[in-house]
Amino acid sequence: MSTYTSATDADRRAMLDEIGAMSIEQLFADIPGALRLDRPLALPAGMAEQEVYEHLKELAARNVSAEDEVSFLGAGMYDHYVPSLVDTLLSRSEFLTPYTPYQPEISQGGLQVMFEYQTAISELTGLPVSNASVYEGPSAVGAAAYLAKLANGRPRVLASRGVHPHSRETLTTLARGYGQTVEELPLAGGATDLDALVAALGDDVSAVVLQQPNFLGTVEDVAALTAAAKAVGAVVICACDPIPLGILEPPGAQGVDICVGEGQTLGNRLDYGGPSFGFFAASQEHLRRMPGRIAGQTVDVDSKRGYVLTLQTREQHIRREKATSNICTAQALNALAGVVYLGWLGRQGLVELGELLLRRTAYARETLCALDGVEPLHEQPVVREFALRLPGVDVDAVVERLAAEGINAGYRLGRTYPEYADGLLVALTERRTRAQIDRFGEALGSALAAERGAAPAGVGA
Amino acid sequence: MSATAPRPAASAPGAGGSAISAADDTLTIYERSQPGRRAFVAPVLDVPERPLDELLPARFQRTRAAQLPEVSEPELIRHYHRLSKRNFDLDTGFYPLGSCTMKHNPKLHERVAALPGNARLHPLQDVKRAQGALELMWNLQESLGEIAGLPHVSLQPSAGSHGELAGVLLTRAYHEDRGEHRTKVLTPDTAHGTNPATVTMAGYEVVKVGTNADGGVDVDDLRAKADEQVACLMLTNPSTLGLFDPNIAEIAEIVHGVGATLYYDGANLNAIMGITRPGDMGFDIVHFNLHKSFTQPHGGGGPGAGPIAVSERIEPYLPRPQVVRRDGASGGPEFDLDEDRPKSIGKLRGFQGNYGVFVRSYAYIRSLGSEGLREASEVAVLNANYLLALLKREGIAEYLPVAYDRVCMHEFVLSGAPMKRELGIRTLDLAKRLLDFGVHPPTVYFPLLVDEALLIEPTETETKETLDRFAEIVAAILREAVDDPEIARNAPYSTPVRRLDEARAAKTPVLRQPL
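So the protein sequences, as listed, match chains A and B. Count along the first sequence from 1, add 26, and you get the number used in my numbering. Count along the second sequence from 1, add 848, and you get the number used in my numbering.
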């Protein structure tokens, strides 16, 4: 057992003498006897470091990770390669262990990282102001809708059914607190239905929420949707996967007011869903309603350039109940991974990565859709992810057969979209080679044939 | 950390030394960029090179590339390595930042979090193939529930503030399920700023409750304000003054008497692990800060995690999904993610929460075990009382008296008001002068109800010698100020930059590099 403490018996005696107490027990005298725990906590006894390591290693070995299989699973988090230099830099205790930079004189490293990160996010999204990051993607969508409420006070939020199901559900949870209702906009042919949006719009709509590319992989016509929403003065929120933004027109250039998203794809591990970071960028007019930390450039008393946390009058520790958000922290370490990763890719690399994904995804889509028993779920343009249908078979059983071959076939859309019960969402990263795609195609073909042969009538209906 | 520090008379260089390297130190990555440089080498294109316009309509294509930096790998490493040296950190020195529990971050935790079975596990992996992760989460839930004295845990919230929001939304769901519509939430005037901010976001009105002469909740004020419109009282115990409120049972009775819930802000849990439990005090909902008591490194401001534990009556409303344990077909336990929770408040974020944080906190709990957790709290309280005793000595106490002269828990509050009056230096000046001695200052100007406050939390992982030296440094700064208050007023002298113009930063915001 370790407690990472150093108080010896001699220390304890000397310290208690200085305090003027007889025992440590006496220091807890304010806690009424009836409230004391009169037994040890019912937890296992402590262990030595190597024993804890073995236990954790044994648990981790019972997971099948992207290290163990060829994975086409995405749906919000993606198995991109994380370059070694990210690990090296994040393990430096100067980045790993400090608190929020409340003392800027001894936190210039972290503050400058935030400033550089904000610059990168602003460039990616085409919006002038970014904060220093928020928790993660779906809650960033909820935070954006709260900003819209602060901006216009209107009661309705319209969210496309192409927005990640977790984002929509998070939005609904949070909106119930701050008093907005969330309505869903249907998809038509895999993309947000513009006519349905126009029909639903009115001057009581606070915000319209889109996702680019949407959950089914579709590149949405963000400019057209945004123009319609802004005609009634709604705030347009677009959740983005940052990697495709290397080749897609940035939301800011299409009139979007707030661009948020899940930052995991930028140099962060999968980590079974977190920690990662959410990014949050907005147009200038919303700057003083932004949630979270923002770093700003200034000078010190010697006129040297430096950085501080700024615009803090928005924040909870100053404004308390009048704050623009209750958020108290950024995801500084994860955002550092993001900005280091973007620096590693560089101006050309981000474009090259996007183009590579575009071409490999097109190849994968054609390869799989050419198989007997596979149909495209939609024909829309895609960058890194696409949706298929496997009509007439039990998708779960097909996915299981592929898992037995060491291939993770993707996300079963029936988990969250009952209307696509036979749907499969397939994702690519730069780690998925043509050879792996070909192997996936062969295995899927065999699995479908086997499943059709094995399936009694009616299965999969 | 020594009891001497650079004086203004001495040369006061930046961290760099010569003017050339000092200027170089402050370049941004964008200012180091040169067209054509790169670190990334794209994987070979092994599929047909189809024209882009065939795959993506031209109107969707980006016309101006994002102006990311163009640098080589060595330059990239050197840049961020250099920046790291402009940060103070926990492995460098003492960090007595009250309310933040800056305890040692064990290095084992980074190793186990990085195991590929954790680091490369996809959050939507079939639960059959994520049994190790789910068992870890289950075990952590059980442990946190035992520590809190409340049976049901959700690991989902991403931070303390997020846990608070979960707690207030749970309260709303609980009342609405009973057909009650309440409008107010009570918070003490000593509360963390996140408490009132959360209340507003959750759609309630904040009503403040006063503090009595002993630093506890003013029970009469509470009784006067507790009515049928009150949904919840949010409380930290020990409070942000570092004091345990002995009236907690009566407070719980008043709150429950009007049908409200009692919420525990777990920021100060480090004082009481294994000694007393929020559930036994009558709390309905507790949040934990895994980055405080449970050693997740703070990362320069995130990530953290803010799991919640709740009582039986709140359980139906917990966020989706919940990790559950069932008896498996083979006789052993099987773990699952339960999405089928009809009364749930829903999701607070994507996926299952900050799993990488759970791994670290679970490793910590398994390292310490039952006895170790109790010992950690005991030593945290011993260290705080010892440091308080040292700071009550002559030469310090007349300038920095303790705000509430009682036995403290894991932290305590001093007031710099006499120092300001007698010596003409403010708490801020003392904090800035501490930087020259290689110490991170305490939390300053919080809690709000103590004038010129310093909130000091040494944690259990500091040695007696470190505490002795800190007291010596404070005494030295005060002695120095008796002679010449200008020294503290103009501090620091030894840091990469000195006092920064925050007003200018807010008035004319420069929030990104112009490119």
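We put the beta carbon where it would ideally sit given N, CA and C, even for glycine. Computed from a predicted structure; not experimentally measured.
Straight-line Cα distance separating residue j from residue i
i, j, result
"B:Ala-870", "A:Ala-356", "Residue confidence is low: B:Ala-870 scores 49 on pLDDT, short of 50, so the model does not pin down where it sits. Its coordinate-derived value is still stated next. B:Ala-870 and A:Ala-356: Cα-Cα distance of roughly 29 angstroms."
"B:Arg-1020", "B:Tyr-1111", "13 angstroms"
"B:Ala-1211", "A:Val-78", "6 angstroms"
"A:Ala-71", "B:Arg-1222", "12 angstroms"
"A:Ala-174", "B:Ala-1050", "15 angstroms"
"B:Arg-1208", "A:Pro-317", "28 angstroms"
"B:Tyr-1341", "A:Pro-407", "58 angstroms"
"B:Val-1229", "B:Arg-934", "32 angstroms"
"A:Asp-297", "B:His-1000", "24 angstroms"
"A:Ser-165", "B:Lys-1195", "9 angstroms"
"B:Ala-1014", "A:Cys-354", "15 angstroms"
"A:Leu-18", "B:Ala-906", "Examination of residue 18 of chain A is not possible in this model, given that chain A is present from 27 through 487 alone."
"B:Glu-1012", "B:Ser-1192", "16 angstroms"
"A:Glu-341", "B:Gln-882", "38 angstroms"
"A:Ser-156", "A:Ile-147", "6 angstroms"
"A:Arg-458", "A:Tyr-104", "11 angstroms"
"B:Ala-1115", "B:Ser-1225", "13 angstroms"
Beta-carbon neighbours of residue i, restricted to chain A and to distances below 7 angstroms
i, result
"B:Asn-1060", "Going along chain A, no residue has its Cβ under 7 angstroms from B:Asn-1060, so there is no contact; the nearest lies around 14 angstroms."
"B:Tyr-1203", "Asp-297, Tyr-298, Gly-299, Gly-300"
"B:Gln-1170", "Neighbours of B:Gln-1170 on chain A: none; closest Cβ ~14 angstroms, over 7 angstroms."
Min CB distance residue i to chain A below 7 angstroms
i, result
"B:Ala-1353", "yes"
"B:Thr-1088", "no"
"B:Asp-1284", "no"
"B:Thr-874", "yes"
"B:Ile-877", "yes"
"B:Arg-886", "yes"
"B:Thr-1343", "yes"
Beta-carbon proximity check, residue i vs residue j, cutoff 7 angstroms
i, j, result
"A:Leu-184", "A:Val-234", "yes"
"B:Gly-965", "A:Ala-92", "no"
"A:Glu-477", "A:Gly-100", "no"
"B:Val-1358", "A:Lys-330", "no"
"B:Gly-1130", "B:Leu-998", "no"
"B:Ala-1279", "A:Thr-324", "no"
"B:Pro-1044", "B:Val-1055", "no"
"B:Ala-1074", "B:Val-1047", "no"
Residue span of the beta strand (DSSP E) that contains residue i, given as start and end
i, result
"B:Phe-1136", "1133-1136"
"B:Asp-1175", "1170-1175"
"B:Glu-1187", "Unbroken run through B:Glu-1187: none, as it is neither H nor E."
"B:Tyr-1022", "Element bounds for B:Tyr-1022: not the beta strand (DSSP E) but the alpha helix (DSSP H), 1008-1025."
Cβ of residue i within 7 angstroms of any chain D Cβ
i, result
"A:Pro-239", "Among the chains of the structure shown, chain D does not appear; the protein chains present are A and B."
Residue-level contact to chain B via CB, residue i, 7 angstroms cutoff
i, result
"A:Leu-274", "yes"
"A:Asn-294", "no"
"A:Gln-310", "no"
"A:Pro-66", "yes"
"A:Glu-195", "yes"
"A:Glu-401", "no"
"A:Arg-88", "yes"
"A:Asp-448", "no"
"A:Arg-340", "no"
"A:Gly-72", "yes"
"A:Asp-422", "no"
"A:Ser-28", "yes"
Listed by chain order, chain B residues near residue i by CB distance under 8 angstroms
i, result
"A:Thr-199", "Leu-1017, Pro-1167, Ile-1193, Gly-1194, Lys-1195, Leu-1196"
Chain B contact residues for residue i, given Cβ-Cβ distances below 9 angstroms
i, result
"A:Pro-277", "Going along chain B, no residue has its Cβ under 9 angstroms from A:Pro-277, so there is no contact; the nearest lies around 11 angstroms."
Under 9 angstroms from the C-beta of residue i: neighbouring residues of chain A
i, result
"B:Ile-1389", "A query on residue 1389 of chain B cannot be resolved here, the shown segment of chain B reaching from 849 to 1363 and no further."
"B:Tyr-1022", "Simply none; closest approach about 13 angstroms."
Where residue i meets chain A, residues with beta-carbon distance less than 8 angstroms
i, result
"B:Arg-1347", "Glu-131, Asp-326, Val-327"
"B:Gln-1361", "Phe-141, Glu-142, Thr-145"
Start-to-end residues for the alpha helix (DSSP H) that takes in residue i
i, result
"A:Asp-221", "220-226"
"A:Ile-284", "That residue, A:Ile-284, is in no alpha helix (DSSP H); its beta strand (DSSP E) goes 284-288."
"B:His-1104", "1096-1105"
"A:Asp-422", "421-430"
Residue i: contacting residues in chain B (beta-carbon distance under 7 angstroms)
i, result
"A:Ile-353", "Ser-1009"
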